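Everything below concerns the one structure shown next.
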């Protein structure tokens with residue numbers, strides 16, 4: 004996949020899967036939104052009556068970390084010559100770590116969390132046809148925005164994404180989750196954590212063709228040690 008849109012395209016597909024499941028769950032009712040922003044900080048207290056507004060129901064799919072995929076990190080051949088010049092594109096293969104959190108003040112947030120978790124669990128592996136249906140089903144804007152390139156990202160092709168993307172829940176305990184929520188300066192909410200692997204970032208670069216062989220010289224040189232031995236016989 005391309006460098007600029009590989010990661011956001013993956014997030015867009017995951018978000019689309021969760022939204023589709025919410026629409027099915029809510030039926031004729033309007034489902035709460037799914038956002039990709041960091042979890043919100045506590046709402047400000049009203050200075051007049053001292054009350055805090057109720058938090059709106061919703062789901063948050065937040066990418067909080069991207070790290071190297073250990074299986075592919077050292078798998079590719081060197082992409083530089085003996086002189087240090089680059090001779091081929093060097094792909095960056097990432098594992099993406101997401102937080103799925105539910106907001107709201109009532110039991111609906113637990114409905115949202117369970118629905119979102121099932122949406123990701125039910126897929127497991129993002130098949131190429133599924134990716135194509137979510138990613139390429141969005142029409143580009145008439146203004147020709149830079150982000151329109153996201154919907155044309157070849158996330159569903161084996162050439163750009165050699166391995167199918169898998170989704171697995173991570174066993175993040177309460178201590179780890181509390182540290183993450185504290186770093187975000189956001190109150191702890193019902194949440195689950197996921198690893199999405201492996202996402203390929205391949206630079207779109209042109210490299211000169213290697214030098215061809217202009218002349219082949221073949222010579223036979225006698226071994227001086229063996230020649231001396233034969234001379235003594």
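In the numbering used here, the protein residues as written are 4 to 236. Just so you know, even glycine gets a beta-carbon here, dropped at the ideal spot from N, CA and C. Given the structure is predicted, the values throughout are model-derived calculations rather than measurements.
_Just to confirm before moving on: does the CB-CB distance between residue 62 and residue 103 stay below 8 angstroms?_
Translated into positions along the chain shown, residue 62 becomes position 59. Translated into positions along the chain shown, residue 103 becomes position 100. The Cβ atoms of residue 62 and residue 103 sit closer than 8 angstroms to each other.
_Suppose you measure from the CA of residue 171 to the CA of residue 124; what does that come to, to the nearest Å?_
Against the chain shown, residue 171 aligns to sequence position 168. Against the chain shown, residue 124 aligns to sequence position 121. A straight-line Cα-Cα distance of about 8 angstroms links residue 171 and residue 124.
*What three-state label does DSSP hand residue 24 in the structure shown?*
In the chain shown, residue 24 corresponds to position 21, counting from 1. DSSP places residue 24 in the helix class (H, G or I) of the three-state scheme.
*Grab me the residues of residue 75's own chain with a C-beta within less than 7 angstroms of its C-beta, minus the 5 sequence neighbours each way, in chain order.*
One-based indexing of the chain shown puts residue 75 at position 72. Cβ within range, chain order: 96 and 201.
_Burial state of residue 35, where buried means 16 or more other Cβ atoms lie within 10 Å_ = In the chain shown, residue 35 corresponds to position 32, counting from 1. Around the CB of residue 35, 16 or more other CB atoms lie within 10 Å, so the residue is classed as buried.
*So which of 105, 108, 155 and 136 has the shortest CA-CA distance to residue 11?*
Position 8 of the chain shown holds residue 11. When each option's Cα is compared against that of residue 11, the closest is 155.
*Could you say if the region 25-42 and the region 104-119 meet the contact criterion of at least three C-beta pairs nearer than 8 angstroms?*
By the C-beta criterion, the region 25-42 is judged to be in contact with the region 104-119, since at least 3 inter-stretch pairs fall below 8 angstroms.
*6 angstroms CB neighbourhood of residue 21 in its chain, flanking five on each side removed*: Within the chain shown, numbered from 1, the residue matching residue 21 stands at position 18. If the five residues before and after residue 21 are omitted, its C-beta is found closer than 6 angstroms to the C-beta atoms of 37, 119 and 122, all from its own chain and listed in chain order.
*Top-ranked residue by Cα proximity to residue 107, from 7, 194 and 228*: Residue 107 sits at position 104 when you count from the first residue of the chain shown. Closest option to residue 107, Cα to Cα, is 194.
_Whole angstroms are fine: how far does the CA of residue 188 sit from the CA of residue 67?_
The residue you call residue 67 lines up with position 64 of the chain shown. The residue you call residue 188 lines up with position 185 of the chain shown. So the alpha carbons of these two residues sit roughly 14 angstroms apart.
*Is residue 167 closer than 8 angstroms to residue 130 when the C-beta atoms are compared?*
Looking up residue 130 in the chain shown gives position 127. Looking up residue 167 in the chain shown gives position 164. Yes, they are a contact pair.
*Sheet register partners of residue 131 (DSSP bridge)*: Locating residue 131 in the chain shown gives position 128, counting from the first residue. Answer is none; residue 131 lacks a bridge partner.
*Residues near residue 9 in its chain [Cβ-Cβ closer than 6 angstroms; skip 5 each side]*: Indexing the chain shown from 1 puts residue 9 at position 6. So the qualifying residues of the chain are 202 and 204.
*Measure from the alpha carbon of residue 39 to the alpha carbon of each residue in 70, 100, 72 and 94, then state which is nearest.*
One-based indexing of the chain shown puts residue 39 at position 36. For residue 39, the nearest C-alpha among the options comes from 100.
*Of all the options 30, 42, 64 and 57, which has the alpha carbon lying nearest to the alpha carbon of residue 13?*
Looking up residue 13 in the chain shown gives position 10. That would be 64, whose Cα lies nearest to the Cα of residue 13.
*May I ask you to list the residues that DSSP assigns as paired with residue 102?*
Locating residue 102 in the chain shown gives position 99, where the first residue counts as 1. Within the DSSP bridge table, the entry for residue 102 names 65 and 196 as partners.
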